[in-house]
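A short write-up of the structure that comes next.
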């Protein structure tokens, strides 16, 4: 498997506050990388620098052999990097189907029929094809988030970034979204998943990063990490979740 | 009350002709106001340097001076002809109100909508065109509708600069026949005929776009 994304010594500060303090990792094609860590440890900022929503101060990001930075044609790069946010952000004025076909039509210049065919296939996969003409406000949180995933997938990205996509859903709705993610992982989609769901992090990832204070504190196979965290910080972090088990 | 009905009926053609003038002034003034307002709101939304301050000043000046005074200044002060003066003054007043309506609409679109559009690969222009603007306009529909009705009613003062609108017709009839009640009743009816369809249209539009997309 070849490396599709490499992040080397990535640095980023908001004023005096260091958010990313020399991050290193890489992701191979077809693999799932999970990132966990306390709120404010820099996980979301890390994802946002990868698709250019946030500029970085130092280090480098190499995506598919191309160094990303100030001169990057983000329009092209972003069409290869799918991203899903915590707040779904479906376009409220567009029906489900039009939410999904907007970018393929405008960015990839696909014909409407072709884009709709792709969209319907995706909707069938997440079992929401009966909602094609619904407006976002008519959907539940879990349904919205699944449509947001389909919308990102419609661009046929090389990699998908998920930023705490179940954080504002109740457990039942989280479940349906996480199942959609597991199905996606089974299709060998390359993914980076930032999550607070520890059970899920254990189940889905090939590889796991534990971040704290802008640094990667531990990296390894999820099974090993949860069974025997090597650092004090990781142990302290995991102990907060124990009451859930 | 006994009214001179035959004379009232006889005045209908006069009112009808003048109603076109009122409508014409209102339509062109409101369209211009909409254009001015949208442009102003966009400059504020994009935080264009150097322009924000003058635009904010314009919004305050236009909204905090009476239309009557604006008309006087344009016509008697700057010697603008009566009809263009009426349209310009209405556009000047309305532009400030429209800018505020559009600005509120633009601000109602969450920042995260922009980010999710950009992350799909849409350009900044496409994001504004296909994601921000449609939602902003839908949010702004009630405020814009209220402005349209307000501006249409504001045209009632343009007769002070010798524009023959329906108010001018009523005034002429009063000085001609001394039938004050008759002329004013006709004037009220004329405004109701002009405004009721506009009100209904605004109300229907609001229901159709706003509730369909954002719910109650």
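Residue numbers (our numbering), protein chains in the order written: chain C, 1 to 245; chain S, 1001 to 1216. From the three backbone atoms N, C-alpha and C, an ideal C-beta is built for every residue, glycine too.
In the DSSP assignment, the beta strand (DSSP E) including residue i goes from what residue to what residue?
i                     : result
residue 33 (chain C)  : 32-37
residue 196 (chain C) : Taken as a continuous stretch (DSSP letters only), residue 196 (chain C) belongs to no beta strand (DSSP E), as it is neither H nor E.
residue 121 (chain C) : Careful: residue 121 (chain C) lies outside any beta strand (DSSP E), inside the alpha helix (DSSP H) at 112-125.
residue 19 (chain C)  : 17-28
residue 162 (chain C) : 159-163
residue 13 (chain C)  : 3-14
residue 137 (chain C) : Counting along the chain, residue 137 (chain C) falls outside any beta strand (DSSP E), and DSSP gives it neither H nor E.
Quick check on this structure: which residue in the options has the alpha carbon closest to the alpha carbon of residue i?
i                      : options                        : result
residue 1130 (chain S) : C:93, C:142, C:56              : C:93
residue 1001 (chain S) : S:1104, S:1181, S:1204         : S:1181
residue 1087 (chain S) : S:1005, S:1034, S:1175         : S:1034
residue 120 (chain C)  : C:99, C:196, C:78              : C:99
residue 15 (chain C)   : C:29, C:57, C:3                : C:57
residue 189 (chain C)  : C:199, C:171, C:162, C:169     : C:162
residue 1154 (chain S) : S:1143, S:1167, S:1171, S:1209 : S:1167
residue 1084 (chain S) : S:1143, S:1044, S:1158         : S:1158
residue 1213 (chain S) : C:135, C:69, C:181             : C:135
residue 1144 (chain S) : S:1201, S:1120, S:1177         : S:1201
residue 1015 (chain S) : S:1047, S:1106, S:1063, S:1184 : S:1184
residue 1025 (chain S) : S:1100, S:1005, S:1164         : S:1164
residue 151 (chain C)  : C:88, C:114, C:176, C:66       : C:88
residue 1106 (chain S) : S:1044, S:1089, S:1064, S:1051 : S:1044
residue 1148 (chain S) : S:1178, S:1171, S:1197         : S:1197
residue 137 (chain C)  : C:106, C:47, C:96              : C:96
residue 116 (chain C)  : C:101, C:155, C:128, C:129     : C:101
residue 23 (chain C)   : C:49, C:141, C:158, C:172      : C:49
residue 232 (chain C)  : C:217, C:34, C:81, C:223       : C:217
residue 1142 (chain S) : S:1030, S:1102, S:1089, S:1048 : S:1102
Closest Cβ-Cβ distance between residue i and chain S: below 8 Å?
i                     : result
residue 245 (chain C) : Bear in mind that a pLDDT of 46 at residue 245 (chain C), under 50, signals an unreliable position, so the number given afterwards is only what the model happens to contain. By this cut-off, residue 245 (chain C) is not an interface position.
residue 83 (chain C)  : yes
residue 53 (chain C)  : yes
residue 225 (chain C) : no
residue 92 (chain C)  : yes
residue 79 (chain C)  : yes
residue 107 (chain C) : yes
residue 44 (chain C)  : no
residue 13 (chain C)  : no
residue 236 (chain C) : no
residue 64 (chain C)  : no
residue 140 (chain C) : no
residue 57 (chain C)  : no
residue 137 (chain C) : yes
residue 146 (chain C) : no
residue 75 (chain C)  : yes
residue 130 (chain C) : no
So with Cβ pairs under 8 Å, would you call residue i a contact of chain C?
i                      : result
residue 1115 (chain S) : yes
residue 1121 (chain S) : yes
residue 1070 (chain S) : no
residue 1118 (chain S) : yes
residue 1138 (chain S) : yes
residue 1214 (chain S) : yes
Can a CB atom of chain A be found closer than 8 Å to the CB of residue i?
i                     : result
residue 103 (chain C) : Judged by its chain identifiers, the structure shown contains no chain A, and its protein chains are C and S.
What are the boundary residues of the alpha helix (DSSP H) that includes residue i?
i                      : result
residue 149 (chain C)  : 141-153
residue 1098 (chain S) : 1082-1108
residue 40 (chain C)   : From DSSP, residue 40 (chain C) is part of no alpha helix (DSSP H); its letter is neither H nor E.
residue 1056 (chain S) : 1052-1063
residue 78 (chain C)   : 74-78
residue 173 (chain C)  : 171-186
residue 1171 (chain S) : 1166-1177
residue 217 (chain C)  : From DSSP, residue 217 (chain C) is part of no alpha helix (DSSP H) but of the beta strand (DSSP E) over 215-220.
residue 1115 (chain S) : 1111-1119
residue 1218 (chain S) : Because chain S here runs from 1001 to 1216, residue 1218 (chain S) falls outside it and cannot be looked at.
Using a Cβ-Cβ cut-off of less than 8 Å, give me the residues of the region 148-176 of chain C that come near chain S, in sequence order.
The region 148-176 of chain C vs chain S, Cβ under 8 Å: 148, 151, 152, 155.
Using 8 Å as the threshold, is the region 1106-1116 of chain S in touch with the region 1048-1061 of chain S, meaning 3 or more CB pairs across them?
In short, these stretches do not touch, since the Cβ pair count stays below three.
Does the region 230-242 of chain C come within contact of the region 1125-1144 of chain S, defined as at least 3 CB pairs closer than 8 Å?
Too few Cβ pairs lie closer than 8 Å, so no.
How about the region 198-206 of chain C and the region 2-21 of chain C: do they share at least three Cβ pairs that are nearer than 8 Å?
They do not touch, by the three-pair rule.
Report the residues of the region 1125-1149 of chain S with a CB closer than 7 Å to any CB of chain C, ordered along the chain.
Within the region 1125-1149 of chain S, the residues whose Cβ lies closer than 7 Å to some Cβ of chain C are 1126, 1130, 1131, 1134, 1135, 1138, listed in chain order.
Taking Cβ-Cβ distances below 7 Å as the criterion, which residues of the region 1100-1113 of chain S are in contact with chain C?
From the region 1100-1113 of chain S, only 1112, 1113 have a Cβ closer than 7 Å to chain C.
Given 8 Å, three or more beta-carbon pairs between the region 55-73 of chain C and the region 223-236 of chain C:
They do not touch, by the three-pair rule.
By the 9 Å beta-carbon criterion, what residues does the region 17-38 of chain C contribute toward chain S?
Of all residues in the region 17-38 of chain C, none has a Cβ within less than 9 Å of some Cβ in chain S.
Hey, is the region 13-29 of chain C in contact with the region 70-80 of chain C, meaning 3+ C-beta pairs nearer than 8 Å?
Result no; under three Cβ-Cβ pairs closer than 8 Å.
With three or more C-beta pairs closer than 8 Å as the rule, is the region 212-225 of chain C touching the region 34-47 of chain C?
The region 34-47 of chain C vs the region 212-225 of chain C: in contact.
Do the region 1121-1130 of chain S and the region 1061-1077 of chain S meet, that is, are 3 or more Cβ pairs less than 8 Å apart?
Between the region 1121-1130 of chain S and the region 1061-1077 of chain S, the count of Cβ pairs shorter than 8 Å is below three; the stretches do not touch.
Taking contact to mean 3 or more Cβ pairs, one atom from each stretch, closer than 8 Å, check whether the region 173-191 of chain C and the region 141-160 of chain C are in contact.
A contact is defined here as three or more CB-CB pairs under 8 Å, and the region 173-191 of chain C meets this definition with respect to the region 141-160 of chain C.
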